[in-house]
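The sequence shown runs contiguously to residue 290 in my numbering.
Think of the CB as a built atom: it goes at the ideal place given N, C-alpha and C, for glycine as much as any other residue.
Note that the structure is a prediction, hence the values are computed from the model and not measured.
To start, the structure under review is shown below, and the notes come after it.
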Amino acid sequence: MNKLKYSFFVLAGAISYGLLSTAIKLGMENGFTVNELVGGQYLFGWLGLFLVVLVSSKFRLSKKLIFSLLLAGIPMSLTGITYGFAVKELSASIAIVFLFQFTWIGVIIEAISNKKFPGKDKWLSISILFIGTLFAGGIFNGSSLYYSASGVIFGLLAACFFALNIFFNSRIATRVPAYTKSFYMTTGAAIIICSAFPPTFILNGALLEGLWKYGVFLGLFGVVLPVICFSIGAPKVGAGLGTILSSVELPVVAIASIIFLHETVSGLQWIGIVLILIGIIVPNVYFIKKKRQQQITHVA
């Protein structure tokens, strides 16, 4: 049952990510830019992980491994950057549909890496998740939607980078303590973020005007908790199941927007959310049944 325990770590990381869009929208309503909010997220997230590593971790890494972890953090930052451009070019409901293609992309990446065809439980789960994502994204609500070639490309790139982020978490430095691994990966991500969004907010007074509150929240739920949770859980559950479990992010986004932004979610979107939850449960139920059959066979 240890695999189930590690599945909860992946779920916790995805739930944390699901809170980010609501926090960013609230920050924008209070006058802060996306650049400032994303920059603040990685500033406070990096500082939080630095303090954790400073206090609790004495694990020493080779220069080669440090460099590998810095590179492994790049997909994390590229996910945020490309998804931001996708939202700018597309309607929100369409952008999130493209982002959530990471579910099947992640399974394909794992299949190529393992040279093994995905099991029927994963294909069933992917099918349910795909249909659920279309419903939850609101594309069947009859509202006018618009497409942009660049927006579609950015949305699919965000999906690829998020799938790669989970894949690298499941494969690189699996024996390194989660705090240490997370710190170096976040450092790599922060370097890219600072290159794309220069941290001018440090000097222009935005922090003292209230940005620090959003930065702390976004840093905790957008960097510290999810990165540590994925570092602990992803190596144990694998990239394929990890991407499936991460789909819980979409229902969290919907629920958080209802509670904090007072947005409405249609009946069709609720159907999509339920389908996504079913798609997440399917591979775990399959795993439990398989484990029980193995125990029965072993006893017999």
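Apply the 10 Å Cβ neighbour rule to residue i and answer buried if 16 or more other Cβ atoms are within range, or exposed otherwise.
{"i": "F157", "result": "buried"}
{"i": "Q283", "result": "exposed"}
{"i": "N(-8)", "result": "exposed"}
{"i": "I222", "result": "buried"}
{"i": "A139", "result": "exposed"}
{"i": "L154", "result": "buried"}
{"i": "V243", "result": "buried"}
{"i": "F107", "result": "exposed"}
{"i": "F34", "result": "buried"}
{"i": "I14", "result": "buried"}
{"i": "K105", "result": "exposed"}
{"i": "V275", "result": "exposed"}
{"i": "E253", "result": "exposed"}
{"i": "F358", "result": "Residue 358 falls outside the range modelled here, since the chain spans only -9 to 290, and no answer is possible."}
{"i": "V45", "result": "exposed"}
{"i": "W113", "result": "exposed"}
{"i": "E239", "result": "buried"}
{"i": "P188", "result": "exposed"}
{"i": "F40", "result": "exposed"}
Below 8 Å on the Cβ atoms is my contact criterion, and I expect residue i with residue j to pass it. Report the Cβ-Cβ distance as a whole number of Å.
{"i": "A148", "j": "A76", "result": "6 Å"}
{"i": "G29", "j": "I183", "result": "7 Å"}
{"i": "S237", "j": "G269", "result": "6 Å"}
{"i": "S58", "j": "I162", "result": "6 Å"}
{"i": "L209", "j": "Q31", "result": "Looking at the sequence shown, residue 209 is not Leu but Gly. With a Cβ gap of about 5 Å, G209 and Q31 count as contacting."}
{"i": "L197", "j": "F191", "result": "6 Å"}
{"i": "P216", "j": "S6", "result": "4 Å"}
{"i": "I248", "j": "V255", "result": "6 Å"}
{"i": "L80", "j": "G145", "result": "6 Å"}
{"i": "A168", "j": "G8", "result": "Wrong, their Cβ atoms sit about 20 Å apart, outside the cutoff."}
{"i": "F125", "j": "Q259", "result": "6 Å"}
{"i": "S67", "j": "A179", "result": "4 Å"}
{"i": "V0", "j": "F220", "result": "6 Å"}
{"i": "I98", "j": "V272", "result": "No, I98 and V272 are not in contact; Cβ-Cβ is about 18 Å, not under 8 Å."}
{"i": "V24", "j": "G74", "result": "6 Å"}
{"i": "F90", "j": "T69", "result": "Not confirmed; about 12 Å, so no contact."}
Going by DSSP, what residue range makes up the alpha helix (DSSP H) through residue i?
{"i": "F125", "result": "K110 to A126"}
{"i": "F151", "result": "A139 to R161"}
{"i": "T170", "result": "A168 to A186"}
{"i": "E19", "result": "L10 to E19"}
{"i": "G205", "result": "W202 to G209"}
Please tell me whether residue i has its Cβ less than 7 Å away from any Cβ of chain C.
{"i": "L51", "result": "Looking at the structure shown, chain C is missing, and only one protein chain is on hand."}
Query raised in the report: At which residue ranges does the segment 214 to 248 contain complete alpha helix (DSSP H) runs of 4 or more residues, listed in the order of the chain?
Result: 215 to 235
Requested in this report: At 4 residues or longer, and completely inside the segment 47 to 108: list those alpha helix (DSSP H) runs for me, N to C.
Outcome: 53 to 62, 64 to 79, 82 to 89 and 92 to 104
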